[in-house]
Amino acid sequence: MLNLLGNLSSRLVKKKENHMGNASTMAAEGIQLAEDGVQTWDKLTMLSGKVQTLDSEVDQNTAVLMGHIEKLKSSDEAVQKQALKDIYALVEKAWRTPGYGRDLAYSLCDTIRLYGVLDYLLEHCMSSSTNKELAYECAHLLEQILTPNNRDRVVKSGFEAVVKLACSQDDTDLVRIGTGLLENMFKHSADTCTKVIQLGGLNAIIRNCRENDKWTLRHCAAALANCAMYGGVTNHVAMVDHKAPEWLFPLAFSDDEFVRYYACLSICVLAANREVERAVTDSDTLSLVEPFVTSHDPEEFARSDWTHAQGRSDDWLERLIPLLQSSQEEAQCLATFHFAMEAGIKKAQERIKVFYEIGAVRPLIRVASSSSNPTAIRFAVQALTIIGEEIPSKLNLSVPTWSTDDVLTWLKQIGFGGFRDAFKDSQVDGDLLLLLTDDQLRDDIRMSNSLIRKRFLRELVELKTNADYSSCDSTKLRRWLRRVGPEYMQYTYHMVHCGIDRTTLEWLTEDHLLEDCGIANGVHRMKIQNAIKAGSRLFPLSSETSSPSKESIAPKLDVFISYRRATGSQLASLLKVHLQLRGFNVFIDVEKLEAGKFDNKLLENVKKAKNFILVLTPNALDRCLTDTEGKDWVRKEIVAAIESSCNIVPVMSSFYWPKPEDLPEDMRAVCYFNGIKWIHDYQDACIDKLERFLRGEDMSKRGRLSKMSSKDEEVFDTPRYRLHRMGSSDSI
Numbered sequence: 001m002l003n004l005l006g007n008l009s010s011r012l013v014k015k016k017e018n019h020m021g022n023a024s025t026m027a028a029e030g031i032q033l034a035e036d037g038v039q040t041w042d043k044l045t046m047l048s049g050k051v052q053t054l055d056s057e058v059d060q061n062t063a064v065l066m067g068h069i070e071k072l073k074s075s076d077e078a079v080q081k082q083a084l085k086d087i088y089a090l091v092e093k094a095w096r097t098p099g100y101g102r103d104l105a106y107s108l109c110d111t112i113r114l115y116g117v118l119d120y121l122l123e124h125c126m127s128s129s130t131n132k133e134l135a136y137e138c139a140h141l142l143e144q145i146l147t148p149n150n151r152d153r154v155v156k157s158g159f160e161a162v163v164k165l166a167c168s169q170d171d172t173d174l175v176r177i178g179t180g181l182l183e184n185m186f187k188h189s190a191d192t193c194t195k196v197i198q199l200g201g202l203n204a205i206i207r208n209c210r211e212n213d214k215w216t217l218r219h220c221a222a223a224l225a226n227c228a229m230y231g232g233v234t235n236h237v238a239m240v241d242h243k244a245p246e247w248l249f250p251l252a253f254s255d256d257e258f259v260r261y262y263a264c265l266s267i268c269v270l271a272a273n274r275e276v277e278r279a280v281t282d283s284d285t286l287s288l289v290e291p292f293v294t295s296h297d298p299e300e301f302a303r304s305d306w307t308h309a310q311g312r313s314d315d316w317l318e319r320l321i322p323l324l325q326s327s328q329e330e331a332q333c334l335a336t337f338h339f340a341m342e343a344g345i346k347k348a349q350e351r352i353k354v355f356y357e358i359g360a361v362r363p364l365i366r367v368a369s370s371s372s373n374p375t376a377i378r379f380a381v382q383a384l385t386i387i388g389e390e391i392p393s394k395l396n397l398s399v400p401t402w403s404t405d406d407v408l409t410w411l412k413q414i415g416f417g418g419f420r421d422a423f424k425d426s427q428v429d430g431d432l433l434l435l436l437t438d439d440q441l442r443d444d445i446r447m448s449n450s451l452i453r454k455r456f457l458r459e460l461v462e463l464k465t466n467a468d469y470s471s472c473d474s475t476k477l478r479r480w481l482r483r484v485g486p487e488y489m490q491y492t493y494h495m496v497h498c499g500i501d502r503t504t505l506e507w508l509t510e511d512h513l514l515e516d517c518g519i520a521n522g523v524h525r526m527k528i529q530n531a532i533k534a535g536s537r538l539f540p541l542s543s544e545t546s547s548p549s550k551e552s553i554a555p556k557l558d559v560f561i562s563y564r565r566a567t568g569s570q571l572a573s574l575l576k577v578h579l580q581l582r583g584f585n586v587f588i589d590v591e592k593l594e595a596g597k598f599d600n601k602l603l604e605n606v607k608k609a610k611n612f613i614l615v616l617t618p619n620a621l622d623r624c625l626t627d628t629e630g631k632d633w634v635r636k637e638i639v640a641a642i643e644s645s646c647n648i649v650p651v652m653s654s655f656y657w658p659k660p661e662d663l664p665e666d667m668r669a670v671c672y673f674n675g676i677k678w679i680h681d682y683q684d685a686c687i688d689k690l691e692r693f694l695r696g697e698d699m700s701k702r703g704r705l706s707k708m709s710s711k712d713e714e715v716f717d718t719p720r721y722r723l724h725r726m727g728s729s730d731s732i
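Residue numbers (full-length UniProt numbering): 1 to 732.
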């Protein structure tokens, strides 16, 4: 290895490049993390002249780096370990440098690879004879330097060993490094994502979603986001099979804004894939997206953490564009939020042209002008304003009622303004627009180029799919077609125009669909007819035309989880996922956390629940002690559970009971229910015991435990002041 370092040292040719000019063509960096505690160089923030400053800093830092690399040739392992620490600190500072930190770090990481240090790290990480402390420092530095070129090198040599190392679970520090390595490997390519999953990388990430270390959770959230963005459809299915949508819930529920954001991004990318849309929706994680984006300002969020400060690469942003066109509102919200954030960053970097190069401007204009999602519209307008684009006129989605002027405005927004005169001469309004055929475009609108017509018809199909037909669709035919498949909503107006409604579907023939409704796609005709034949069994008319109460269609509620946001959100979200994966229907409130108010509908959910889990974390009941007016929502939930005879199971983590007499009388009974002491490192055992409580399998044992003292208990705990419990077992 010493010879390798020396030989490569002699081969390296020093290059001075305009790094800022090359920034837009660099490969995707994705999400790069580093440890807390190192401040940005004050010196770098004071230098002027971006290109000159970058070249100067590259020269200076490369010289420092070479000194550290030289020390790796020492036979003294202590010297080698210190050299690795020094290189780590140097690279970390480079990443944190404002404005051009990525370019500076890329240069240092290239030098590290070209001088053989990357091979040195891989060799010592893979060798069983390497000193443990030295191997740790090697892995620590490796996680920090995995730029695109270095990832390519790892994939070609040492890939399997690195992934296996990343999946190790020896201690917290190694877990943190391992999840960081996996985060980086997931942003290489779809094939690499598949291999990482096959080697157990996704299992390791999912397992570590249970942890409470901030940086481990950050790596997990970023890794899942990278896997979703770079993995493609096949790996999306694998993520669903590994229950990633469910385990994204505690991440999106985290107190750490970075973890929340990238968990939301991951679930939105998955939701935009129709093949896994149902599984994503069932996980409830999507419900956490809108509360996050509506409670944050994109530009302020960019400044909240240095990891956002330089924005993402062109390739990364390009992968986000499909979310702008997604039918999932949450995905569209988050994509526009991110583009608004990136617009501010790129403007400061004088790189606004990036949005035009990757084709993001037109989708943003489409969202701003025709989306039915007010949150997405707001962020799209914010992004376009920063970019310097004219804000488009907002068109209502009731396309059948459009005037010719509305049609002309739409043409301009989708980039077909050159045909406005032809549409105007033909007086094409919303009705005619929805019924336009390819022949009419060619002959009457004089759109002779067949490829241009295809582009136009693609835009028209999207408009038909998203249009509001309430002015002419009294039986909600569009909603019925949506159940057949989102792509079938484009046929709504043709069918309604022919006089078809929900009551006449059963008499439709193949000829009706082809000749009268203009559905040229034979497969689509077949699927529509199959759906019609399925009739009320799959698509009951009453479910669409009537308005049943939510109570009549609400699923049975097995468990209501009550918790205090300040200290109990992570445990509450973990309990939800564990129980949901074991078949329980679980309710955990999200909205009140953002709104800061108590919703009386929560009381109804408490009353419907068979079981009531009370998450007791430090100081969880403190507010109840001084709640003289009965306004505290945790107290209200507890009282409702007691009055409804729910099976109440306290789950305690570092919690000490107050004296029962100090609590309000209406909730005092909660002190006498046996509960479960949560031990984070033994989650499965705790959940096994909790499941038996909820299913009523441990009732006799619970009765015996009422006479035990807390010091004799391993899993259960009781108030330290009084040890007799009330008979809650009757409610199971």
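Cβ atoms here follow ideal geometry from the backbone N, Cα and C, with glycine treated the same way.
CB-CB under 7 Å to Pro250, same chain, minus the five flanking residues each way: which ones, in chain order?
These residues qualify, in order along the chain: Cys209, Gln570, Ser573, Leu574, Val577.
In angstroms with no decimal places, state the Cα-to-Cα distance between Glu515 and Arg351.
When rounded, the distance between both Cα atoms is 51 Å.
Should the region 418-425 be called in touch with the region 377-387, which here means at least 3 C-beta pairs below 8 Å?
In short, these stretches do not touch, since the Cβ pair count stays below three.
Starting from Phe584, trace the alpha helix (DSSP H) both ways and give me its first and last residue.
Per DSSP, Phe584 belongs to no alpha helix (DSSP H) and is neither H nor E.
Work out the CA separation of Ser644 and Gln32 for me, nearest whole Å.
Summary for Gln32: the model assigns pLDDT 42, below 50, so the residue's position carries little reliability; its value from the coordinates is reported in the next sentence. For Gln32 and Ser644, the distance between alpha carbons rounds to 50 Å.
If you compare alpha carbons, which of Val58, Asp627, Cys333, Glu246 is closest to Ala272?
Of the listed residues, the one whose Cα sits closest to Ala272 is Cys333.
Report yes if the C-beta distance between Cys167 and Gly116 is below 8 Å; otherwise report no.
No; because the gap between Cβ atoms is not below 8 Å, this pair is not in contact.
In this structure, does DSSP put Pro618 in helix, strand or coil?
Coil, per DSSP.
Rounded to whole angstroms, what's the CA-CA distance from Leu434 to Val293? Just pull it up for me.
About 34 Å.
Report the residue from Pro400, Val361, Asp406 whose alpha carbon sits nearest the alpha carbon of Glu390.
With distances taken between Cα atoms, Glu390 lies closest to Val361.
Please confirm whether Cys624 and Val634 have their CB atoms less than 8 Å apart.
Contact flag set, yes.
For the candidate residues Ser654, Ile642, Asp681, whose alpha-carbon lies nearest to that of Ala669?
Selected option, being the one with the closest Cα: Ile642.
Is the Cβ-Cβ distance between Gln490 and Val523 less than 8 Å?
Not in contact: Gln490 and Val523 (Cβ atoms no closer than 8 Å).
Leaving out the 5 sequence neighbours to the left and right, which residues in its chain are closer than 8 Å to Ser552 when beta-carbon positions are compared?
With a pLDDT of 42 at Ser552, under the threshold of 50, the modelled position of that residue is not reliable, and the figure given next carries that caveat. If we look at Ser552 and ignore the five residues flanking it on each side, it has no Cβ neighbours.
Output the residue ranges of the alpha helix (DSSP H) runs that lie fully inside the region 104-161 and measure 4 residues or longer, sorted by chain position.
Runs found: 117-126, 132-144, 148-156.
Check whether the region 140-159 and the region 177-188 are in contact - that is, three or more C-beta pairs closer than 8 Å.
Yes, since at least three Cβ pairs between the region 140-159 and the region 177-188 fall closer than 8 Å, the two stretches touch.
Please state whether DSSP places residue 738 in a helix, a strand or coil.
Nothing about residue 738 can be read from this structure; the chain reaches only from 1 to 732.
Contact defined as beta carbons within less than 8 Å: I believe Ala83 pairs with Lys71. What is the distance between those atoms, to the nearest angstrom?
The Cβ separation is near 4 Å, so the contact holds.
What residues in its chain sit with their C-beta under 7 Å from that of Ile528, if we drop five residues either side in the sequence?
Excluding residues within five positions, the ones whose Cβ falls inside 7 Å are Val484, Tyr488, Leu513.
Specify whether the region 226-238 and the region 281-299 touch according to this definition: at least 3 beta carbon pairs, one from each stretch, less than 8 Å apart.
No, the region 226-238 does not touch the region 281-299.
Do the region 186-197 and the region 657-667 touch if we need at least three Cβ pairs shorter than 8 Å?
No, they do not touch.
Do you know offhand how far Ala105's Cα is from Ala94's?
Rounded to whole angstroms, Ala105 to Ala94 spans 5 Å at the Cα level.
Residues in the same chain with beta-carbon distance under 7 Å from Lys607, minus the five sequence neighbours each way, listed in chain order, please.
Taken in chain order, the residues that qualify are Ala640, Ser644.
Taking just the CA atoms, how far does Ala223 sit from Ser189?
Each residue's alpha carbon lies about 13 Å from the other.
Taking only three categories from DSSP, how would you classify Ile613?
If DSSP states are grouped into helix, strand and coil, Ile613 belongs with the strands.
Whole angstroms is fine: what's the gap from residue 739's alpha carbon to Tyr261's?
Nothing can be reported for residue 739: it is not among the residues displayed for the chain, which extend from 1 to 732.
Please report how far the alpha carbon of Ala252 lies from the alpha carbon of Trp507, in whole angstroms.
Roughly 48 Å between the two C-alpha positions.
Measuring CA to CA, which of Gln580, Thr626, Val259 is closest to Leu690?
Checking every option, the nearest Cα to that of Leu690 belongs to Gln580.
Going by DSSP, what residues sit across from Asn647 in a beta bridge?
Asn647 pairs with Asn611.
Can you list, in chain order, the stretches of the beta strand (DSSP E) that have 3 or more residues and sit fully within the region 374-404?
Complete beta strand (DSSP E) runs here, min 3: none at all.
Who are the Cβ neighbours of Thr216 in its own chain at under 6 Å, not counting the five residues just before and after it?
Hits under 6 Å: Val175, Arg176, Thr179, Asn208.
Is Val559 near Ala620, with beta carbons less than 8 Å apart?
Contact flag unset, no.
Could you tell me whether the region 307-326 touches the region 52-72, using the rule of 3 or more Cβ pairs below 8 Å?
Output reads no: the region 52-72 does not touch the region 307-326.
Is the beta carbon of residue 734 less than 8 Å from the beta carbon of Leu694?
In the structure as shown, the chain begins at 1 and stops at 732. Residue 734 is therefore absent and cannot be evaluated.
Going by other Cβ atoms of all chains shown within 10 Å of its Cβ, with 16 needed for buried, is Ser127 buried or exposed?
Exposed is the call here.
Ser653 by DSSP, collapsed to three states: which one?
Ser653: coil per DSSP, three-state reduction.
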